[in-house]
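Participant: Protein chains in written order, with the working numbering: chain B, 1 to 280; chain R, 1 to 170.
Below: one structure in structure tokens.
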Amino acid sequence: MPGGKYSKLPGIILGAVVFITMEAASLIMISRNGQMQNLRLSGMAHSFMGVVWGSTESIRHYMSLGKENESLALENAEMYRQLLYFYEREAQIEAYKDMGESPVDFSFTPATILKMSRGSQHNYFIINKGNEDGIRPQSGVITRKGVVGIIDAVDKHYSYGISLMNGNLNVSARIGRTGAVGPLAWDGVSKDKAILREIPLQHKITPGDTVMTSGYSSIFPPDIPLGVAGKSKIVNGAVYEIEVLLFENFSSLRYVTVVENNGRDEIINLENLESGEADN
Amino acid sequence: MRKYFLVSYLLMLVLQILICNYLQVSPYITLSILPAMVLMLPIRYGTIVAMILAFLSGLSIDFLAEGLTGINSLAIVPVALLRTPILRMVFGSAIFSRREDISIRRHGLIKMATAITLAQSLFLILYIWADTSGTRPFTFCLLRFILSLIPGVLLSLPISNILSSDGRDL
């Protein structure tokens, strides 16, 4: 008979309802009349509710995994940032130790970028350290990933700097094992590219070569990594112009180190003296 | 005949109440003829009717006899629920198609004793579980189960004969 299997279904459901109702009524009567049974049934009820609540909580937790992942990603980013900060500090300490053995003495001051422009051709930044913290104009601003810029003006508690993403700023840089030195400046377009100019043709340039500060300027210590060499081209048949992919990510920059050459005044005086004698 | 069964059933109910009130031999022995009474309900009664009758019977014993209220109804309703499978397993499906009530004379003592033992076992397991509430050791519960099952089955056999249609013919 078609549907015969299903014709028993209402009877089964009714039977189940009757059974459950009567058993529940019996259990209620028992729990009200027997203290021991009441305790036992309460325990069982609590266990059952624990399972139900536990399962509900598991389902709710599963449903909220997306949000939790997002939160974990943010937390992870924050921890990564802190890790980088400590790496930076460690590098700074190491650099400082090295400087102790170096004839040139540099001092390092950690700072935080409060404001940074990125959209114009003459980008700048402001840090939370000023002359009260020992910051002076013409100090370098670096991170462990490269050069950020140069301090241009200093106030009591804040300093204004010219970013490397500013066409007016040139940094003396050295490329690869050959040690060829030239001025490095922003390409004016990208957020992560610069151009290393005036590299003589006799130097063999391989893409992937590391570009570092040369140490020839009185602003930055030597060997601060800046980026890697990319494409190169010959300009005017005389020198190379090399594209440099910067290590520094200017879009998420926050913690920096202000580096100051303690012998810079002496160097400038010497330069002035030399230029004066030449004029005479 | 129906009237005879109803009277017999009510009398057995009274007997069970008397057993509960006056025949408590030992804490190890729980004498009950209620499973046999439920098992002997006419075949034409479906499971739902059997459950309701079992519940009411258990409830009346709970209220009129000494002991924990609700314990007999708790233990007997599952027996009523499984009455049909037990009967089908022991006596075969033919009794349902012929609507033939069970009796010792027709089906033999062994089959009847087996069916009563199964029903009695289920009843005792639930009864002892609810009564002890996990506060007594397993050995006590096992001993109580065995010592209650044997006299319970022995007592239930003549009861089943009284309640059977053969008994009604006497």
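Built from N, CA and C at the ideal position, the CB exists for glycine as well.
(1) Note down the Cα distance separating Ala173 of chain B from Asp209 of chain B, rounded to an integer number of angstroms.
(2) Report the CB separation of Ile195 of chain B from Ala185 of chain B in whole angstroms; it is logged as a contact under 8 angstroms.
(3) State yes or no: is the beta carbon of Leu64 of chain R nearer than 9 angstroms to at least one beta carbon in chain B?
(4) Around the C-beta of Lys67 of chain B, are 16 or more other C-beta atoms found within 10 angstroms, so that it is buried, or is it exposed?
(5) Along chain R, in chain order, which residues have C-beta atoms closer than 7 angstroms to that of Leu9 of chain B?
(6) Have a look at Arg105 of chain R and Thr30 of chain R and give me their C-alpha separation to the nearest angstrom.
(7) Looking at the strands, I want to know which residues DSSP matches up with Ala185 of chain B.
(8) Does any residue of chain R have a CB that is nearer than 9 angstroms to the CB of Ser47 of chain B?
(9) Using a beta-carbon distance cut-off of less than 8 angstroms, what residues from the segment 16-30 of chain B approach chain R?
(10) At a Cβ threshold of 9 angstroms, is Gly50 of chain B touching chain R?
(11) Would you call the CB atoms of Tyr28 of chain R and Phe123 of chain R closer than 9 angstroms?
(12) Going by beta carbon distance, what residues of the same chain come within less than 6 angstroms of Ala50 of chain R, once the five residues before and after it are set aside?
(13) What does Thr135 of chain R touch in chain B if you count any residue whose Cβ is under 7 angstroms from its own?
(14) For Ile199 of chain B and Ser217 of chain B, I'd like the C-alpha separation in whole angstroms.
(15) Measure the C-alpha to C-alpha separation of Asn261 of chain B and Ile219 of chain B and round it to an integer number of angstroms.
(16) Is it true that the CB of Asp133 of chain B sits closer than 9 angstroms to the CB of Gly263 of chain B?
(17) Say whether chain R places a C-beta atom closer than 9 angstroms to the C-beta of Arg60 of chain B.
(18) For Lys145 of chain B, count neighbouring Cβ atoms within 10 angstroms of its own Cβ and tell me buried if that reaches 16, exposed if not.
(19) Among all the DSSP beta bridges, which residues are the ones paired with Ser163 of chain B?
(20) Which whole-angstrom value describes the C-beta separation of Pro183 of chain B and Asn170 of chain B, a residue pair presumed to lie in contact below a C-beta threshold of 8 angstroms?
(21) Kindly indicate the opening and closing residues of the beta strand (DSSP E) around Lys231 of chain B.
(22) Does the beta-carbon of Ile43 of chain R, which I'm using as the reference point, lie nearer than 8 angstroms to any heavy atom of the ligand NAD?
(23) What residues from the segment 36-57 of chain R come within 9 angstroms of chain D, judged by C-beta to C-beta, listed N to C?
(24) On the DSSP bridge assignment, give the partners of Asn261 of chain B in chain order.
(25) Buried or exposed: which applies to His107 of chain R, given that a residue is buried once 16 or more other Cβ atoms fall within 10 Å of its Cβ?
(26) Starting from Ala119 of chain R, find everything on chain B with Cβ-Cβ shorter than 9 angstroms and list it in chain order.
(27) Mind pulling the chain B residues with CB within less than 8 angstroms of Ser73 of chain R?
(28) Taking all protein chains shown into account, decide if Pro103 of chain B is buried (16 or more other Cβ within 10 angstroms of its Cβ) or exposed.
(29) I'd like to know if Pro158 of chain R contacts chain B, where contact means its C-beta is closer than 9 angstroms to some C-beta of that chain.
Facilitator: On the basis of the coordinates in this document:
(1) Looking at the two C-alpha atoms, the distance is approximately 12 angstroms.
(2) Contact flag correct, Cβ pair sits at about 6 angstroms.
(3) Leu64 of chain R is outside the set of residues whose beta carbon lies under 9 angstroms from a beta carbon in chain B.
(4) Lys67 of chain B should be labelled exposed.
(5) When 7 angstroms is used as the limit between beta carbons, Leu9 of chain B is near no residue of chain R, the shortest such separation being about 14 angstroms.
(6) So the two alpha carbons sit approximately 28 angstroms from each other.
(7) According to DSSP, Ala185 of chain B shares a beta bridge with B:Ile195.
(8) No, Ser47 of chain B does not count as interfacial toward chain R.
(9) Shown in chain order are the members of the segment 16-30 of chain B whose Cβ falls below 8 angstroms from a Cβ of chain R: Val18, Phe19, Met22, Glu23, Ala25, Ser26, Leu27, Ile28, Met29 and Ile30.
(10) Cβ-Cβ to chain R under 9 angstroms: no for Gly50 of chain B.
(11) The Cβ atoms of Tyr28 of chain R and Phe123 of chain R do not sit closer than 9 angstroms to each other.
(12) Close CB contacts of Ala50 of chain R within its chain, under the 6 angstroms cut and outside five residues either way in sequence, are with Leu41, Ala80 and Arg83 (chain order).
(13) For Thr135 of chain R, the chain B residues whose C-beta falls within less than 7 angstroms of its own C-beta are Met36, listed in chain order.
(14) A direct Cα-Cα distance of roughly 17 angstroms separates Ile199 of chain B from Ser217 of chain B.
(15) Cα to Cα, Asn261 of chain B sits roughly 6 angstroms from Ile219 of chain B.
(16) 9 angstroms or more divides the Cβ of Gly263 of chain B from the Cβ of Asp133 of chain B.
(17) Under the Cβ criterion of 9 angstroms, Arg60 of chain B is not counted among the residues facing chain R.
(18) Its Cβ being crowded by 16 or more others within 10 Å, Lys145 of chain B is buried.
(19) Bridge partners of Ser163 of chain B: B:Gly149.
(20) About 4 angstroms separates the two Cβ atoms, so the contact holds.
(21) Taken as a continuous stretch (DSSP letters only), the beta strand (DSSP E) holding Lys231 of chain B covers Pro225 to Val235.
(22) The ligand NAD is not part of this structure, which contains no ligands at all.
(23) Of the chains in the structure shown, none is chain D; the protein chains are B and R.
(24) The secondary-structure analysis by DSSP pairs Asn261 of chain B across a beta bridge with B:Phe106.
(25) Within a 10 Å sphere around the beta-carbon of His107 of chain R sit 16 or more other beta-carbons, which makes this residue buried.
(26) Contact annotation for Ala119 of chain R against chain B: no contact, minimum CB-CB distance about 16 angstroms [criterion: below 9 angstroms].
(27) Chain order gives the chain B residues near Ser73 of chain R as Met22, Ala25, Ser26 and Met29, where near means a beta carbon separation below 8 angstroms.
(28) Here Pro103 of chain B scores only 49 on pLDDT, less than 50, and its place in the model should not be relied on; the value that follows carries that caveat. Label assigned to Pro103 of chain B: exposed.
(29) Judged by the 9 angstroms Cβ criterion, Pro158 of chain R is not in contact with chain B.
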